[in-house]
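Take the sequence shown: its position 159, counted from the start at 1, is 159 in UniProt numbering, and no numbers get skipped.
Written below as structure tokens is the structure these notes are about.
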Amino acid sequence: MYSIPAPVKRLFDIFPLKTYPANNHGLLEDREKQNQNQNQHRLYIFTDSHGVSSSSSSSKDPSFNPQCLKWQAYLSFLNVSFCTIPSNNHASPSGALPFLIPASSSSSSSTSSTPPPVPSHKLKAWTEKNILNQPQPKQQTEQLSVYSSLLDDKIRKAWLYIFYLHPSNFPSAAKRLYVDSATSNSLVRAVLARQLQQAARDELLRDCAYVDEAVLIADADAAFFALATLLGEREWFDGDGNAPGLFDASVFAYTYLCLDEEGRMGMSYNPLAHAIKKYKGQINAMISTPTASRAWLLSNILLPISILLFALGFFPYKPFIPGLATITDQQRDDAPARFDKVVFMVVDALRSDFVYSNESGFQFTQELIRTGAALPFTAHAGAPTITMPRVKAITTGSVPSFVDVILNFAESDTTSTLSHQDTWLAQIRASKENARLVMYGDDTWLKLFPGFFDRYEGTTSFFVSDFVEVDANVTRHVRGEMDVSGAGEWDGMVLHFLGVDHIGHKAGPGSPHMLPKQREMDSIVEQIYTSILTHPHLSRTLFILCGDHGMNDGGNHGGSSPGETSPALVFMSPHLKSLYQHPSTSRYTSTTSSEGQYLPAPLPQPEDGSFQFYKTVEQSDIAPTIAGLLGLGIPLNSLGVFIPELLPLWHDPRSQVAVLLRNARQLVNVVSTKFPHLKFTDDVAANCRRRVESDEEEEEDEDAAALACLWSKAITATTSATATAATANNHQEAITSLLTFSRAAQKVMSNVASNYNLSFLYIAILRDNQSILLLQADETLTSSLPMLISSMKKGQSGVWAGGYLFAVIVGYAGMMFASSYVEEEQQFWHWALSGWDVYLVVKWLQSPQPHHHSRTSAAFESIYIIFTLLGIPRIIRRWNQTGQKYTAEPDIVDFLAIHPRLLWALIAWSYGGVLYRSVRAIGAAAAAAAEKDRADVRKKKKVMLGVSVVAAVVVSFLFKVSFTRAQAPEMMPFDVEDVRGRWIWIWIEKISLVTQCRIAFFLMVAVIVIFNITTKANPDPRTTTTTTTTTLPLNILTLLLLTQSRAENIPLFALYHLQLTTLTTYFKLTPLETSITALIQQYTSFFSFGGSNSIASIDLSSAYNGVSRYDVFAVGLLTFIGNWAGPVWWVCTMRRLREGKQEGRQEGRGMWEKG
1 MYSIPAPVKR
11 LFDIFPLKTY
21 PANNHGLLED
31 REKQNQNQNQ
41 HRLYIFTDSH
51 GVSSSSSSSK
61 DPSFNPQCLK
71 WQAYLSFLNV
81 SFCTIPSNNH
91 ASPSGALPFL
101 IPASSSSSSS
111 TSSTPPPVPS
121 HKLKAWTEKN
131 ILNQPQPKQQ
141 TEQLSVYSSL
151 LDDKIRKAWL
161 YIFYLHPSNF
171 PSAAKRLYVD
181 SATSNSLVRA
191 VLARQLQQAA
201 RDELLRDCAY
211 VDEAVLIADA
221 DAAFFALATL
231 LGEREWFDGD
241 GNAPGLFDAS
251 VFAYTYLCLD
261 EEGRMGMSYN
271 PLAHAIKKYK
281 GQINAMISTP
291 TASRAWLLSN
301 ILLPISILLF
311 ALGFFPYKPF
321 IPGLATITDQ
331 QRDDAPARFD
341 KVVFMVVDAL
351 RSDFVYSNES
361 GFQFTQELIR
371 TGAALPFTAH
381 AGAPTITMPR
391 VKAITTGSVP
401 SFVDVILNFA
411 ESDTTSTLSH
421 QDTWLAQIRA
431 SKENARLVMY
441 GDDTWLKLFP
451 GFFDRYEGTT
461 SFFVSDFVEV
471 DANVTRHVRG
481 EMDVSGAGEW
491 DGMVLHFLGV
501 DHIGHKAGPG
511 SPHMLPKQRE
521 MDSIVEQIYT
531 SILTHPHLSR
541 TLFILCGDHG
551 MNDGGNHGGS
561 SPGETSPALV
571 FMSPHLKSLY
581 QHPSTSRYTS
591 TTSSEGQYLP
601 APLPQPEDGS
611 FQFYKTVEQS
621 DIAPTIAGLL
631 GLGIPLNSLG
641 VFIPELLPLW
651 HDPRSQVAVL
661 LRNARQLVNV
671 VSTKFPHLKF
681 TDDVAANCRR
691 RVESDEEEEE
701 DEDAAALACL
711 WSKAITATTS
721 ATATAATANN
731 HQEAITSLLT
741 FSRAAQKVMS
751 NVASNYNLSF
761 LYIAILRDNQ
771 SILLLQADET
781 LTSSLPMLIS
791 SMKKGQSGVW
801 AGGYLFAVIV
811 GYAGMMFASS
821 YVEEEQQFWH
831 WALSGWDVYL
841 VVKWLQSPQP
851 HHHSRTSAAF
861 ESIYIIFTLL
871 GIPRIIRRWN
881 QTGQKYTAEP
891 DIVDFLAIHP
901 RLLWALIAWS
911 YGGVLYRSVR
921 AIGAAAAAAA
931 EKDRADVRKK
941 KKVMLGVSVV
951 AAVVVSFLFK
961 VSFTRAQAPE
971 MMPFDVEDVR
981 GRWIWIWIEK
991 ISLVTQCRIA
1001 FFLMVAVIVI
1011 FNITTKANPD
1021 PRTTTTTTTT
1031 TLPLNILTLL
1041 LLTQSRAENI
1051 PLFALYHLQL
1061 TTLTTYFKLT
1071 PLETSITALI
1081 QQYTSFFSFG
1091 GSNSIASIDL
1101 SSAYNGVSRY
1111 DVFAVGLLTF
1121 IGNWAGPVWW
1131 VCTMRRLREG
1141 KQEGRQEGRG
1151 MWEKG
């Protein structure tokens, strides 16, 4: 009807019109995917995921928009099957997300069958009608309506400001999620960003003239507190609190996004998270379910059961025979007693080389060895090599239990008493009516033998700072007791000296205090031996010198290293000289009769690095040996064997056979108690053919059956030796047969006493795993699997972190199946840390790098990061060699020991770093003070806090110098009296170490108190952040840990802080990555400080800092802090790793560039 003008027609001919198909409500998937989802509700939301997310993963791909996340959570609460589809406001029929397209009632794919969309303002009515089947809309209670205003007004406004308007967050959070994902055009992005911020600003200015961040955060904090109060003890907000509702979904949406624990939002400044976490325990109660609560309860019931079962399997049953052994008159006549009294002198931690080596201070004892008046041995002390179990082994002849490790540290323990068990002490008391025992020294004997001693004085074994008084309190009784005769005369005297052990714990076996202490102990040996020679009433006295255990190169004990298991054992008496005239000792001694020397002493250190001087015997052999020499009954539960080198004290061979036969019969009694089915008869043929009367051929039973055969052979040989016409060969054969049986029985029963019940152990581990799995009763584990698989396909870094953690857990569990791996566990954690640091470096390299003013600054920054994360761990790894295989290898501590100036330079650097960071934190704390304070008040608080911090650091450093000078002077680079200002040291020396340490501790507490007063009284929310409230306390904690650590380990804290600064400056760790970092660093730092899985690595050198006497709580706490200083430090840095990035970035900003 109308003609098109020619020019226009020509234009349309050149550019013809093209009609595109209409958009279908903003669906981003193609038609095929749309058809596949016709039968499922589709929720269109803002999300940073791509494509359609099924209902199984919808809750695991949460929206970054509070309104969208609210409906996403609510539909999940109602168990609605739906999928989420990424969209934007332009695709919504109402102009706002979210909106829902219900599932199609027909399988047809035609558009006409697609239900109309449900906009966001109609979603509540739609769910009530179609999901909850409520004919009438449910009205929200008046109370919840009031509290809803808190979400929609107070919390929403704070969220708008922090997310959209704060300059630290907008580029990395709101702009990235809303603008950058919408277009790639820079001009369009700029316009959209401006519009987005303007919209948020307009909403905030609707009710006020200007935006005040402090007011917004304070209002949000108050709102969260009100919500926490409303929730109370209930699980949910809506209704009666038994089921989640729409209000719960609203609360979840804001708390989840504000917390941002996964780091998805990209907010570098987030005070809302700090506000929420104050009430997180209450608000997050909604994530619990009744099922999970019941599972939690059942899990906590199973856990102690598994611990009990494990203990039953780990501490095996040992056969126990009650009562006291008796000895008949005939047995006394066959082998009469060689001694009437015994002096049993224990020098705690007396390692064999302390007595026998060329460097020994026991000159008199070595002289006795050379002249034949002393018979030396190296006693094998099995693990655990600590005092209580070793004293039990010495007195009962049995194998101790690891339960005694715990009881050994319990100063007030009385459950470990031996008053009702058979010991050689009990045998002495029972040998005659008026037998007397006296004891002076370690009060462990008083705990083990209450009421046994007529005269005694106990000294605590845990006050390791005392080298002098602890032994002087024993020595002052010796002369008087040696002179006692008549009515007060004793039959047994026990002396237990602790000085050598204390020196080892404080400064190691190489301490300059060690040799003088050895000479002191040797002088006591001389005093006692001289009294035996000169006092007629002591002429038949057996004098025994021994160590309960040894010590390792660090001066500690408890494990099974050669130094710990090799104490000295010396029998002394003038009567022993007759041994060397007997031919049976020629194979043991190296006699040189012409020179009057029988055994060489001292001896050089064995070339194999062991501590095996002379012959090695079992420590349990002491009990039957003392019993035989004193004519006492052998303790019923003894597994010891009489030391054959002492047999020549009986010149009659039949007496020697009688001594060994009595010992063998006692061992038969012990074996029969454990294996009642065995028949120990004289029939050699029958016993050697007999098999175990059991369907299961266990190695343990086979060994026991072999004992019956050996016993029959021994009895046959003994019968021939006791015949009238017995020859010397018969006697020798009987002695050999009895010793063979006794040693075999000792080996079998020792293994029985130390074998684990694997069935109980397996059941305990199974129950423990069940308790862990029950914690996943809310299906969080199974519901995470789809997310895990999806994330792996997308290559998300969180999955790599989770996978690494899983690999570490599996690897660590696998290590438990080999003792060598347990002994060298530090290798596993050092490798785990190296792998994790490589992951962090790769993550940093792949992340966008900030702009630098020059390439040089960028290069230095890269070098710094790589050095702190990859170089420092290598240094830390070689700081202390620990474990079993490499503990004697040279390490950095050994290097610093011969270069003390370098060591103290590093120590000064560590203390200086604490002081510098603390002073910087004071400024932040003062700024966080109440705004209403006057300027002069704030200045006074700042000065008071600064003075206390400086005083605490200086006093702590001076205490460490004084402590090291007193305990390990070889580590001092110079004599402090020769330096300028020596008058200071003259004054300081007048103050005891205990007082100095108490002053340091007091100043640390004063700093914390003043800091709390400064920052907690009416804090200014605009300036009080997590950083300001954690930096100074962390530095004071570091100061405490420096005080409790050995001097050579102090520089480790400076290296750790370099790593912490790097992690908080250049990395944004997710909660999972933070946990993994802290976990691996905790384990690694424990071993880096010299710790190990051996009890011997427990360090008591700082256990009495500031303590003048033993106190179980104070000493226990200080021991824990000293031994776990590294793990404690890393645990306390977790908050900084997760929330302290602001300060880290401020510290790191400009580190490599100016301006």
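Just so it is clear, CB atoms sit at the ideal spot from N, CA and C, and this is done for glycine as well.
If you're wondering where the values come from, they're calculated on a predicted model, not measured in any experiment.
With 16 as the cutoff for other CB atoms within 10 Å, does Gly814 come out buried or exposed?
Numbered from 1 along the sequence shown, position 814 holds the residue referred to as residue 814. Result: exposed.
Phe224 and Ala275: beta carbons closer than 7 Å?
Against the sequence shown, residue 224 aligns to sequence position 224. Against the sequence shown, residue 275 aligns to sequence position 275. Against a cut-off of 7 Å, the Cβ pair of Ala275 and Phe224 comes out as a contact.
Taking the straight line between their C-alpha atoms, what separation do you get for Ile162 and Lys122?
Here the question's residue 162 lines up with position 162 in the sequence shown. Here the question's residue 122 lines up with position 122 in the sequence shown. Looking at the two C-alpha atoms, the distance is approximately 29 Å.
Out of curiosity, what's the CA-to-CA distance linking Pro119 and Asn39?
Within the sequence shown, numbered from 1, the residue matching residue 119 stands at position 119. Within the sequence shown, numbered from 1, the residue matching residue 39 stands at position 39. Pro119 and Asn39: Cα-Cα distance of roughly 19 Å.
What did DSSP end up calling Arg1136 once you bin it into helix, strand or coil?
As a first step, residue 1136 must be located in the sequence shown, where it is residue number 1136. Helix, per DSSP.
Going by beta-carbon coordinates alone, are Trp71 and Pro98 separated by less than 7 Å?
Mapped onto the sequence shown, residue 71 falls at position 71. Mapped onto the sequence shown, residue 98 falls at position 98. Yes, these two residues count as a Cβ contact at 7 Å.
Is it buried or exposed for His677, if we count other Cβ within 10 angstroms and need 16 for buried?
On the sequence shown, residue 677 is found 677 positions in, with the first residue counted as 1. It is exposed - the Cβ of His677 has fewer than 16 other Cβ atoms within 10 Å.
Three-state secondary structure (DSSP) at Thr84?
Here residue 84 refers to the residue found at position 84 of the sequence shown. If DSSP states are grouped into helix, strand and coil, Thr84 belongs with the strands.
Return the CA-CA distance between Trp1152 and Phe252, expressed in angstroms with no decimal places.
Here the question's residue 1152 lines up with position 1152 in the sequence shown. Here the question's residue 252 lines up with position 252 in the sequence shown. Annotation note: pLDDT 35 at Trp1152 (below 50); position unreliable, no value reported.
With a threshold of 7 Å on Cβ separation, who are the neighbours of Asn880 within its own chain once the five nearest residues in sequence on each side are excluded?
As a working note, residue 880 is residue 880 in the sequence shown. Within the same chain, Asn880 has close Cβ partners Asp891, Val893, Ser1088, Phe1089 and Gly1090.
For Trp424, tell me which candidate among Ser398, Asp442, Asn434 and Thr444 has the shortest Cα-Cα distance.
Position 424 of the sequence shown, counting from 1, holds the residue named residue 424. Among Ser398, Asp442, Asn434 and Thr444, the Cα nearest to that of Trp424 belongs to Ser398.
Residues in its own chain within less than 8 Å of Thr541 by CB, not counting five upstream and five downstream?
Within the sequence shown, the letter at position 541 stands for residue 541. Cβ within range, chain order: Phe339, Asp340, Lys341, Val342, Val343, Ile532 and Ser573.
For the segment 146-157 and the segment 180-195, state whether three or more C-beta atom pairs, one from each stretch, are separated by less than 8 Å.
Not touching, per the Cβ criterion.
To which residues does DSSP link Ile45 through a beta bridge?
Your numbering for residue 45 matches position 45 in the sequence shown. Answer by DSSP bridge pairing, in chain order: Pro86.
Can you tell me whether DSSP reads Ala930 as helix, strand or coil?
To locate residue 930, count along the sequence shown from 1; it is residue 930. Residue placement at Ala930 is flagged as unreliable, the pLDDT there being 46, under the threshold of 50; a coordinate-derived value is accordingly withheld.
Does the count of Cβ pairs from the segment 866-878 and the segment 1032-1047 closer than 8 Å reach three?
In short, these stretches do not touch, since the Cβ pair count stays below three.
Might you give, ordered along the chain, the residues of its own chain that have their beta carbon closer than 8 Å to the beta carbon of His731, omitting 5 neighbours on each side?
Taking the first residue of the sequence shown as 1, we reach residue 731 at position 731. Same-chain partners within the cutoff: Pro653, Arg654, Gln656, Val657 and Ala721.
Cα separation between Ile1076 and Ile763?
In the sequence shown, the residue the question calls residue 1076 occupies position 1076. In the sequence shown, the residue the question calls residue 763 occupies position 763. Spanning the two alpha carbons is a distance of roughly 29 Å.
Taking the straight line between their C-alpha atoms, what separation do you get for Leu661 and Leu738?
Within the sequence shown, numbered from 1, the residue matching residue 661 stands at position 661. Within the sequence shown, numbered from 1, the residue matching residue 738 stands at position 738. Computed Cα separation, rounded: 7 Å.
Rounded to the nearest angstrom, what separates Ala214 and Pro271 at their Cα positions?
Taking the sequence shown and counting its residues from 1, the one referred to as residue 214 is at position 214. Taking the sequence shown and counting its residues from 1, the one referred to as residue 271 is at position 271. When rounded, the distance between both Cα atoms is 10 Å.
DSSP puts Asp442 in a beta bridge; with which residues?
In the sequence shown, counting from the first residue as 1, residue 442 sits at position 442. Note: Asp442 sits in a beta bridge opposite Thr459.
Measure the C-alpha to C-alpha separation of Arg479 and Gln527 and round it to an integer number of angstroms.
Residue mapping note: residue 479 aligns to position 479 of the sequence shown, counting from 1. Residue mapping note: residue 527 aligns to position 527 of the sequence shown, counting from 1. Arg479 and Gln527: Cα-Cα distance of roughly 8 Å.
Helix, strand or coil for Arg877? Go by DSSP, reduced to three states.
As a working note, residue 877 is residue 877 in the sequence shown. Helix, per DSSP.
In whole angstroms, what separates the C-alpha of Leu160 from that of Val1005?
As a position in the sequence shown, residue 160 is number 160, starting the count at 1. As a position in the sequence shown, residue 1005 is number 1005, starting the count at 1. Near 41 Å, if we compare the C-alpha coordinates of Val1005 and Leu160.
Classify Pro567 as helix, strand or coil using the three-state DSSP reduction.
Indexing the sequence shown from 1 puts residue 567 at position 567. Strand, per DSSP.
Does the Cβ-Cβ distance between Thr378 and Ser419 come in under 7 Å?
In the sequence shown, counting from the first residue as 1, residue 378 sits at position 378. In the sequence shown, counting from the first residue as 1, residue 419 sits at position 419. It is not a contact, given that the beta carbons lie outside the stated cut-off.
Just grab the DSSP bridge partners of Leu495 for me.
What you label residue 495 is simply residue 495 of the sequence shown in a count that begins at 1. According to DSSP, which records beta bridges pairwise, Leu495 is partnered with Met345 and Tyr440.
From the DSSP output, in three-state form, read off Ala174 for me.
What you label residue 174 is simply residue 174 of the sequence shown in a count that begins at 1. DSSP places Ala174 in helix when its eight states are reduced to three.
How many Å lie between Asn669 and Leu646 at the Cα?
If you number the sequence shown from 1, residue 669 lands on position 669. If you number the sequence shown from 1, residue 646 lands on position 646. Rounded to whole angstroms, Asn669 to Leu646 spans 24 Å at the Cα level.
Any idea which residues DSSP pairs Lys615 with across the strands?
Locating residue 615 in the sequence shown gives position 615, where the first residue counts as 1. Per DSSP, Phe377.
Look at the alpha carbon of Gly361 and the alpha carbon of Met493, and state the distance between them as a whole number of angstroms.
As a first step, residue 361 is located in the sequence shown; it is residue number 361 there, counting from the start. As a first step, residue 493 is located in the sequence shown; it is residue number 493 there, counting from the start. Roughly 24 Å separates the two Cα atoms.
Rounded C-beta distance between Ala335 and Gly550? I'm assuming under 8 Å.
Residue mapping note: residue 335 aligns to position 335 of the sequence shown, counting from 1. Residue mapping note: residue 550 aligns to position 550 of the sequence shown, counting from 1. Their Cβ separation, rounded to whole angstroms, is 33 Å, which puts Ala335 and Gly550 out of contact at 8 Å.
Taking Ala966 as the reference, give the member of Ile765, Phe467 and His496 with the closest Cα.
On the sequence shown, residue 966 is found 966 positions in, with the first residue counted as 1. Taking only the C-alpha atoms, the option nearest Ala966 is Phe467.
Can you give the Cα-Cα distance for Ile394 and Pro384, rounded to whole angstroms?
As a working mapping, residue 394 is identified with position 394 in the sequence shown. As a working mapping, residue 384 is identified with position 384 in the sequence shown. For Ile394 and Pro384, the distance between alpha carbons rounds to 13 Å.
When you compare the CB positions of Thr417 and Pro450, do they come within less than 7 Å of one another, or not?
The sequence position of residue 417 within the sequence shown is 417, counting from 1. The sequence position of residue 450 within the sequence shown is 450, counting from 1. Their beta carbons are under 7 Å apart, which means Thr417 touches Pro450 by this criterion.
I'd like to check one pair, Val914 with Asn1035: are the Cβ atoms closer than 7 Å?
Your numbering for residue 1035 matches position 1035 in the sequence shown. Your numbering for residue 914 matches position 914 in the sequence shown. Contact: yes.
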